[in-house]
Amino acid sequence: MALNCSDFPAGYGRSILSLCMVVFLMVATISCTEKTDLKSRKVVLVILDGIPASVIEKVDTPNFDSIALAGGYARAWLGGEKGGYSETPTISAVGYNSMLTGTWVNKHNVKDNKIQLPNYHYWTIFRYFKESFPDRKIAIYSTWLDNRTKLLGEGLTETGNLKLDYHFDGLEVDTVRFPHDTLSQYIYEIDKLVATKAAEQIRDFAPDLTWIYLQYTDDMGHRYGNSPEMDVAVREADRQLGEIWKAIQYREKNHQEEYLLIVTTDHGRAQGGFHHGGQSDEEREIWMASNIKFNERFSQNPAVVDIFPTVATFLNIPIPRDHEMELDGVSLQGEVFASNLTGTIDKGTLKINWKEFGKNEDGKVWITFGNQFRYGKEDEYLLLGEVNLADGFAEFDFSPYTFKNGKVVLETPTGFLNYWVKNVQK
Ligand SMILES: [Zn+2]
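0 is the number of the first residue of the sequence shown in numbering that gives the first Met the number 0; add one for each residue after it.
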């Protein structure tokens, strides 16, 4: 069965019967949640490299479909604000790091696959998890070594000497065992080993937070574009995903564990499925599937940066307030009050807009005129005022202020949104 976005509608059914079902499911969900010990919650993040939404939806992917049927599937996006200060290249490592840090490139500073100067002040979700729960286990299974050594930054002083409890990666640098052929057969073989090892270790050791990265689909996209070869690669990725999904189901059945599995990709593709890196709609479009149901943000075009706060919510990871104020995503778990904050300054008036979710709750608007966070220091915020989050917009008199750039933060009952404004008249 091929997937279609409309197979997984959000929203509740209209009939009394389906309303009853919803109420029943909500009661069932609440009682399940109450019974679940938070310590047994675990997360597995899977990135299948460079598969366009149109391809994952078209190709026969029974395991992917099974996950999406349990939870949901949505087209999603990345790339920051197109033409704006947070515009982010649609390049692999850049996309991974947006997922890991919950921020766009203007913050995490991984601009391409060279990963030259990551700004480790924007911590990865792995670091937050390990700092909060040092006894719990983190794992990576990856066809690219840099994901552990550079993005997660294992063993670096800048990451507090983060240490993965389990890893299986770096096979691609062993050119004796895996000679590099032009058809990427070696990547095909490595992906198979990585997926199998991940499934084995989830079954045997059940790490608490796991990242799995498989590459072969991207190689086929670059070589063949949208093609039968790409479709074959996607089917193989789905078979590998099936091993992982089975291991998760095994753990849930035989142990007191509850998993959040998120499967996503790191960019779309343009020009017939060959290329990526630019800002076309096709390159910025990704997708996400999850084995658990998400909130209404999920059905309204979620972003790759939403994964960080979602994992933090699910695993109950405490994120310090000043760090949370920097996050560019919105949690797909729990209640959502606002998203997509933007702002301008026009003739001495700050005008901000956000997507509202019809919630009559108070929000607070803060501003800071510096950006000390990027240096590992604290920003001093000024409270501009309170707003009704159902309004979707607010205005503030800015005539007294002289500044060049300001970081505006909208505080909601469950998180923060931020947006940088330029004071062009000054
Ligand atoms: Zn990629």
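For each residue, glycine too, the CB sits at the ideal point set by N, CA and C.
Comparing the CB of residue i with every heavy atom of ligand 1, is any distance shorter than 7 Å?
| i | result |
| --- | --- |
| Ser39 | no |
| Ser97 | no |
| Gly347 | no |
| Ser183 | no |
| His274 | no |
| Gly49 | yes |
| Ser279 | no |
| His221 | no |
| His266 | yes |
| Asp427 | An answer regarding residue 427 cannot be provided, because it is not within the stretch 0 to 425 covered by the chain. |
| Ser141 | no |
| Asp217 | yes |
| Ser131 | no |
| Ser91 | yes |
With a CB to CB cut of under 7 Å and the five nearest residues on each side skipped, what residues in its chain are close to residue i?
| i | result |
| --- | --- |
| Gly384 | Val364 and Phe395 |
| Gly224 | Gly271, Gly272 and Phe273 |
| Asn112 | Ile90, Ser91 and Ala92 |
| Glu379 | Thr367 |
| Gln239 | Asp190, Lys191, Ala194 and Leu213 |
| Ile50 | Thr216, Val233 and Thr264 |
| Pro435 | Summary: the structure shown does not reach residue 435, with the chain confined to residues 0 through 425, and so no result is reported for it. |
| Asp164 | Lys136, Ile137, Ala138 and Pro206 |
Among the options, which one has its Cα closest to the Cα of residue i?
| i | options | result |
| --- | --- | --- |
| Phe313 | Asn294, Pro301 and Glu325 | Asn294 |
| Asp218 | Leu381, Asp190, Asp64 and Leu409 | Asp190 |
| Leu44 | Ile247, Phe204 and Gly267 | Ile247 |
| Ile285 | Arg74, Val42 and Gly70 | Arg74 |
| Tyr121 | Glu377, Val420, Ala393 and Gly405 | Glu377 |
| Lys406 | Ser65, Gly342, Ala67 and Glu257 | Gly342 |
| Leu68 | Ile261, Arg320, Leu416 and Pro301 | Ile261 |
| Asp145 | Arg126, Ile114 and Gly414 | Ile114 |
| Ile306 | Gly94, Met98, Ile55 and Thr401 | Met98 |
| Ile201 | Pro178, Val231, Tyr249 and Asn404 | Tyr249 |
| Pro301 | Glu323, Gly375, Asp327 and Ile318 | Asp327 |
| Ile351 | Ala52, Val175, Val386 and Gly369 | Val386 |
| Leu382 | Gly375, Leu409 and Phe356 | Leu409 |
| Ser65 | Ile243, Glu257 and Ser53 | Ile243 |
By Cβ distance below 8 Å, which residues in the same chain neighbour residue i in space, the five residues on each side in sequence not counted?
| i | result |
| --- | --- |
| Lys354 | Gln299, Ala337, Ser338, Asn339 and Gly391 |
| Leu116 | Asn108 |
| Glu228 | Met219 and Arg222 |
| Tyr119 | Gly152, Leu155, Glu157 and Thr158 |
| Phe397 | Ile344, Gly347, Thr348, Leu349 and Asn422 |
| Glu199 | Ala246 |
Which residues in the same chain as residue i place their Cβ atom closer than 6 Å to its Cβ, once the five residues preceding and following it in sequence are excluded?
| i | result |
| --- | --- |
| Gly79 | Ser85, Glu86, Thr87 and Trp103 |
| Ser70 | Reading off the sequence, residue 70 comes out as Gly, not Ser. These residues qualify, in order along the chain: Ser289, Asn290, Ile291 and Lys292. |
| Gly241 | Asn62 |
| Thr100 | His107, Tyr121 and Thr123 |
| Tyr187 | Tyr215 |
| Phe402 | Phe368 and Asn422 |
| Lys196 | Tyr140 and Phe167 |
Quick one: measure Cβ to Cβ for residue i and residue j, integer angstroms, because I've assumed they're closer than 8 Å.
| i | j | result |
| --- | --- | --- |
| Ala236 | Leu47 | 5 Å |
| Asn96 | Leu161 | Rounded, the Cβ-Cβ distance is 14 Å, inconsistent with contact. |
| Ala389 | Tyr72 | Wrong, their Cβ atoms sit about 29 Å apart, outside the cutoff. |
| Asp168 | Ile139 | 6 Å |
| Trp143 | Glu171 | 7 Å |
Does the CB of residue i have a neighbour CB from chain C at under 8 Å?
| i | result |
| --- | --- |
| Lys363 | Within the model displayed, chain C is absent; a lone protein chain is all it includes. |
Would you check if there are 3 or more beta carbon pairs closer than 8 Å linking the region 311-330 to the region 117-135?
Taking 8 Å as the limit for Cβ pairs, the verdict is that the region 117-135 does touch the region 311-330.
Given 8 Å, three or more beta-carbon pairs between the region 57-68 and the region 274-283:
Not touching, per the Cβ criterion.
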